[in-house]
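So the structure is just underneath, and the comments pick up after that.
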Amino acid sequence: MFGDSSQDAPDRVVEVLLPLALPGAYSYLVPQGMAVTPGDYVRVPLGPRQVFGVVWDSGEDGAAAVDRAKLRGITERLDVPSMPDLHRRFIDWVATYTMSSPGAVLRMCLRVPEALGPERVRTGYRLGGPVPQRMTPQRTRVLEEAHEELARSAADLADAAGVSTGVIKGLVDAGTLSPVSLPAFARFKRPDPAAGGVTLSSIQQAAAQLLRGEVAGRAFSVSLLDGVTGAGKMEVYLEAVAATIAAGHQVLVLLPEIALTTDFMQRFERRFAAAPAEWHSAVRPRERERVWRAVASGEARIVVGARSALFLPFADLALIVVDEEHEAAYKQDDGVCYHARDMAVVRGSLGAFPVVLSSATPSLETMFNVDSGRYRSVPLTARHGGAGLPEIVPLDMRKLHPPTGTWISEPLAAAITETLDDGDQVLLYLNRRGYAPLTLCRTCGHRFQCPDCDAWLVEHRFRRHLLCHHCGFKVPVPNVCPSCEHEGTLVACGPGVERLATEVRERFGDRSMAILSSDLTRGAALRELLRDIKDRAYDIIVGTQLVAKGHHFPNLTLVGVVDGDIGLNNGDLRAAERTYQVLCQVAGRAGRGDKPGRAIIQTFQPEHPLMAALVARNRDGFYTYEMRSREQGELPPYGRFAALVLSGPDEATVTQVAHRLARSAPRAEHMRVLGPAPAPLALVRGRYRMRFLIKARRDSNVQGFLHSWLDPIKLPGSVRLQVDIDPYSFM
Ligand SMILES: [Zn+2]
Ligand SMILES: [Zn+2]
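Residue numbering for the sequence shown follows my numbering, starting at 6 and increasing by one per position.
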């Protein structure tokens, strides 16, 4: 080894992982006098830049192999709690499984680089002097908001008083407000496991007892909390959350982004007398920094978040709950393609703690794992609070013909009138944004296509533009057909939620109506609208998928599904499963108060086994049917898929590369390479796309096969290859 005189001892070498899509960690020298251990956050030079990274391992194995003369030193060790060993193992695991670079996975963990710097001290202001001579209404409002003891930042105070920060500054100059230092971030209130407990039914109690047992066992397990909408699953898993925080550990509750509603957060806060830390796309950068720091230090005990919350560096995670585990929103299909539910199970396995999956309509993958004994089923059968499941009525649209350009059949219209006359609310569901899915010219047949994508433009009449739902391209709706130059010849084909709303207004004009669509309402306005709906300010709600999740409307007793067949025939292997899940979820919105509900589904395929199972409320019947058809086709969960998508700006190059790749595919048992074929969406954002689908046996090593195939391949710089293990999107 090296000389033992400390004078001559060369600097140690460590491997540092950088949050960049590089093949692996880089070697750096540890300067004399700096102590670093694996997991430490450091700042290092990279080319002309300084970047953050994490010491990945001590580098003792490879140290001799690297040319020390070429290595650069670590600039600084950051004063942040080290990344736990478990979290580093998790990153490596996800990278290996998804065939991504570990740096790309690390990047998902370091989305708030500010959190690695020192906490910045803020200045706050409190009442500290005489009232100024010159008073204005603005100044009066500020003085009403300001306290003698409680200091607030200038921005907070200005916001509360509804004035500009200039008014605050004036009061500081006048000596009325005095500055004090504030800690950079407010601390998270400690949740109280004993606060706000609700009385559970005996069925809920039995389920809660099972989950508490798993928490007490402190070992890896996966439980499926399985019960219909309204069965009170959340109250049950909150008992497992309570048991975990009572033992002093951290909990992560994952939800699909769309279901992270104010309503949901408030229920959490009521249960634990403290708000959980929130993590999703709408959380502001400063709050993200606060959450990241508090998760890393262990201060934040409960985190409620969207799929990306899985990559927060928890100090002491001991339970993950995946609510609505069947949701496709848990799958990320760009960048690092991962499924948050599956990776949550991996995290639990690495950390040796329980994972709870919750759903009214579990995924086939999860049901398969329950059937094979890997997951434990915790059933919740009765609907909590006495409300019965809604009655489900199919309407055969082959026999009912609403006039052209309208979508509500007579029996549905009659049910709407009847419900409104009873003083109840109606929800009409159509999962199509915009006015119409296709716009064409009546004279020449011209269709509006996105210039950058293989997709039609969707008319959004309320915003007066044509929009591409894939890339966001938009143009104003023209008066004149760009092809034949006739005026006023453009017609809308098919229904969108805006068109449905127009029909409702024409038919039920004397009733109040709200439209819920992500194009029209977001953020605070959306929360306000949801509250108004709950308070019964509207008779009829017309909505897209936005209404299906996480909302509780006590006066809603009729749900009308306008097009129950949407998505059923799109060729996706999970089409029937998803349609079934969505219809159950939407139907479950009806009758959640003390009145029974009813769901009417307009369909062109009433004889489809899915519709038959829905009507008979025979969930097992649907699962048996769907499992059998997957088994016959050796489709997931009976088989495995991987998808490869090649894309590039030049169609000929992409096609050529795809065919070259096809020729070099190795032969392997139980492994079929399908393609290349142009992707169903052959052009997205100006990039041409070719797809391969790899179909494998359930127990086969797909990653090993792909490495042997792809590693020797050198792609032209303009062509990108995306690998998606267990794909959910086949576009
Ligand atoms: Zn035309
Ligand atoms: Zn587009």
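We put the CB at the ideal spot given by N, CA and C, even for glycine.
Please read these numbers as outputs of a predicted model, since none were measured by experiment.
query: alpha helix (DSSP H) containing residue 464: first to last residue?
result: Locating residue 464 in the sequence shown gives position 459, where the first residue counts as 1. Per DSSP, residue 464 is not a residue of any alpha helix (DSSP H); the beta strand (DSSP E) it occupies stretches across 463 to 465.
message: Quick check on DSSP: helix, strand or coil for residue 325?
response: Locating residue 325 in the sequence shown gives position 320, counting from the first residue. Strand, per DSSP.
- prompt: Roughly how far, in whole angstroms, is the beta-carbon of residue 548 from the beta-carbon of residue 509, given that I think they are within contact range, below 8 Å?
  reply: For the purposes of this step, residue 548 is identified with residue 543 of the sequence shown, where counting begins at 1. For the purposes of this step, residue 509 is identified with residue 504 of the sequence shown, where counting begins at 1. In fact, because the Cβ distance is near 11 Å, the residues do not count as touching under 8 Å.
task: Tell me, to the nearest whole angstrom, how far the beta carbon of residue 444 is from that of residue 323; I am working on the premise that it is less than 8 Å.
output: The sequence position of residue 444 within the sequence shown is 439, counting from 1. The sequence position of residue 323 within the sequence shown is 318, counting from 1. That belief does not hold up - the Cβ atoms of residue 444 and residue 323 are roughly 53 Å apart, past 8 Å.
- prompt: Relative to the C-alpha of residue 153, which residue among 72, 170, 135, 169 is closest?
  reply: Counted from its first residue, the sequence shown places residue 153 at position 148. When each option's Cα is compared against that of residue 153, the closest is 135.
Euclidean distance between Cα positions of residue 646 and residue 342: Taking the sequence shown and counting its residues from 1, one reaches residue 646 at position 641. Taking the sequence shown and counting its residues from 1, one reaches residue 342 at position 337. Their backbone Cα atoms lie some 13 Å apart in a straight line.
task: Tell me whether the beta-carbon of residue 562 lies closer than 7 Å to the beta-carbon of residue 422.
output: On the sequence shown, residue 562 is found 557 positions in, with the first residue counted as 1. On the sequence shown, residue 422 is found 417 positions in, with the first residue counted as 1. Not closer than 7 Å, so no.
query: Contact check, residue 565 vs residue 380 under 8 Å by CB: the rounded distance?
result: Here the question's residue 565 lines up with position 560 in the sequence shown. Here the question's residue 380 lines up with position 375 in the sequence shown. Actually they are not in contact, since the Cβ atoms of residue 565 and residue 380 sit about 36 Å apart, beyond 8 Å.
task: Assuming residue 345 contacts residue 335 (C-beta within less than 8 Å), just tell me the rounded distance between them.
output: Here residue 345 is taken as the residue at index 340 of the sequence shown, counted from 1. Here residue 335 is taken as the residue at index 330 of the sequence shown, counted from 1. Yes, residue 345 and residue 335 are in contact; Cβ-Cβ is about 4 Å, under 8 Å.
Minimum Cβ-Cβ distance from residue 628 to chain D less than 7 Å: No chain D appears in this structure, which consists of one protein chain only.
- request: Under the assumption that residue 47 contacts residue 21 (Cβ atoms under 8 Å), give the Cβ distance between them as a whole number of angstroms.
  value: The residue you call residue 47 lines up with position 42 of the sequence shown. The residue you call residue 21 lines up with position 16 of the sequence shown. About 6 Å; that satisfies the 8 Å criterion.
Chain-ordered list of residues that sit, by beta carbon, closer than 5 Å to a heavy atom of ligand 1: Per the Cβ criterion, the list is 446, 448, 449, 451, 486, 488, 489.
- request: Return the chain-ordered list of same chain residues with a C-beta closer than 8 Å to the C-beta of residue 201, the five sequence neighbours on each side being excluded.
  value: Counted from its first residue, the sequence shown places residue 201 at position 196. Same-chain partners within the cutoff: 275, 276, 277, 278.
- prompt: By Cβ distance below 7 Å, which residues in the same chain neighbour residue 224 in space, the five residues on each side in sequence not counted?
  reply: Here residue 224 corresponds to residue number 219 of the sequence shown, with the count starting at 1. Cβ neighbours of residue 224 beyond the five flanking positions: 357.
message: Are the CB atoms of residue 105 and residue 27 within a distance shorter than 7 Å?
response: Within the sequence shown, numbered from 1, the residue matching residue 27 stands at position 22. Within the sequence shown, numbered from 1, the residue matching residue 105 stands at position 100. No.
query: From residue 602 to residue 514, what distance separates their C-alpha atoms?
result: For the purposes of this step, residue 602 is taken as residue 597 along the sequence shown, with counting starting at 1. For the purposes of this step, residue 514 is taken as residue 509 along the sequence shown, with counting starting at 1. For residue 602 and residue 514, the distance between alpha carbons rounds to 24 Å.
message: Comparing C-alpha positions only, which one of 692, 125, 314, 702 sits nearest to residue 727?
response: Sequence index remark: in the sequence shown, residue 727 carries index 722 (1-based). Of 692, 125, 314, 702, the residue nearest in Cα terms is 692.
The region 107 to 120 in contact with the region 361 to 375 per 3-pair CB rule at 8 Å: The region 107 to 120 makes no contact with the region 361 to 375: fewer than 3 CB pairs, one atom from each, lie closer than 8 Å.
- prompt: Helix or strand or just coil, what does DSSP make of residue 7?
  reply: In the sequence shown, residue 7 corresponds to position 2, counting from 1. Low confidence applies here, because residue 7 scores a pLDDT of 43, under 50, leaving its location unreliable; read the following figure in that light. Collapsing the DSSP output to three states places residue 7 in coil.
- request: Could you tell me if residue 430 is buried or exposed, where buried requires 16 or more neighbouring beta carbons within 10 angstroms of its beta carbon?
  value: Position 425 of the sequence shown holds residue 430. Buried, by the Cβ-count rule.
- prompt: Does DSSP put residue 389 in a helix, in a strand, or in coil?
  reply: Here the question's residue 389 lines up with position 384 in the sequence shown. Because residue 389 sits at a pLDDT of 45, beneath the cut-off of 50, its placement in the model cannot be relied upon, and the following sentence gives the value as read from the coordinates. Residue state, collapsed to three classes: helix.
message: Quick check on the contact list: which residues have their beta carbon closer than 5 Å to a heavy atom of ligand 3?
response: With respect to ligand 3, the structure shown offers nothing to examine, as its ligands consist of ligand 1 and ligand 2.
message: Here's a check: name, in chain order, each residue in its chain whose Cβ is nearer than 7 Å to the Cβ of residue 522, leaving out the five neighbours to either side.
response: The residue labelled residue 522 in the question sits at position 517 within the sequence shown. Cβ within range, chain order: 438, 502, 548, 549, 551.
message: Going by DSSP, what residue range makes up the beta strand (DSSP E) through residue 284?
response: Within the sequence shown, numbered from 1, the residue matching residue 284 stands at position 279. Looking at the DSSP string, the run of the beta strand (DSSP E) that includes residue 284 is 282 to 284.
message: Judging by CA-CA distance, which residue of 713, 80, 676, 482 is the nearest neighbour of residue 700?
response: Within the sequence shown, residue 700 is the residue found at index 695, counting from 1. Of the candidates 713, 80, 676, 482, the one whose C-alpha sits nearest the C-alpha of residue 700 is 676.
- prompt: By how many angstroms is the C-alpha of residue 686 removed from the C-alpha of residue 466?
  reply: Numbered from 1 along the sequence shown, position 461 holds the residue referred to as residue 466. Numbered from 1 along the sequence shown, position 681 holds the residue referred to as residue 686. In a straight line, the C-alpha of residue 466 is about 25 Å away from that of residue 686.
message: With DSSP as the reference, identify every bridge partner of residue 716, one or two as the case may be.
response: Taking the first residue of the sequence shown as position 1, residue 716 is located at position 711. Answer is none; residue 716 lacks a bridge partner.
message: Please state the DSSP three-state secondary structure of residue 700.
response: Numbered from 1 along the sequence shown, position 695 holds the residue referred to as residue 700. Note: residue 700 maps to strand in three-state DSSP.
- prompt: Quick one: Cα of residue 313 to Cα of residue 259, how far?
  reply: Within the sequence shown, the letter at position 308 stands for residue 313. Within the sequence shown, the letter at position 254 stands for residue 259. When rounded, the distance between both Cα atoms is 9 Å.
field: Three-state class that DSSP yields for residue 177 in the structure shown
entry: Translated into positions along the sequence shown, residue 177 becomes position 172. If DSSP states are grouped into helix, strand and coil, residue 177 belongs with the helices.
task: Could you pull out every unbroken beta strand (DSSP E) segment of at least 3 residues lying fully inside the region 569 to 620, listed in chain order?
output: 603 to 608
message: Is the beta carbon of residue 77 closer than 7 Å to that of residue 53?
response: Position 48 of the sequence shown, counting from 1, holds the residue named residue 53. Position 72 of the sequence shown, counting from 1, holds the residue named residue 77. The answer is no: Cβ separation not under 7 Å.
Alpha carbon of residue 243 to alpha carbon of residue 361, nearest angstrom: Against the sequence shown, residue 243 aligns to sequence position 238. Against the sequence shown, residue 361 aligns to sequence position 356. Near 11 Å, if we compare the C-alpha coordinates of residue 361 and residue 243.
query: DSSP three-state call for residue 68: helix, strand or coil?
result: Residue numbering aside, residue 68 sits at position 63 when the sequence shown is read from its first letter. For residue 68, the predicted model reports a pLDDT of 49, less than 50, meaning its position is unreliable and no value from the coordinates is stated.
- prompt: Taking the continuous beta strand (DSSP E) assigned at residue 412, which residues delimit it?
  reply: Here residue 412 refers to the residue found at position 407 when the sequence shown is read from its first residue. Note, residue 412: premise wrong, no beta strand (DSSP E); not H, not E.
message: Suppose the cutoff is 7 Å on Cβ atoms and the five residues either side in sequence are ignored; what does the same chain contact list for residue 492 look like?
response: Within the sequence shown, the letter at position 487 stands for residue 492. Contacts found: 484, 485.
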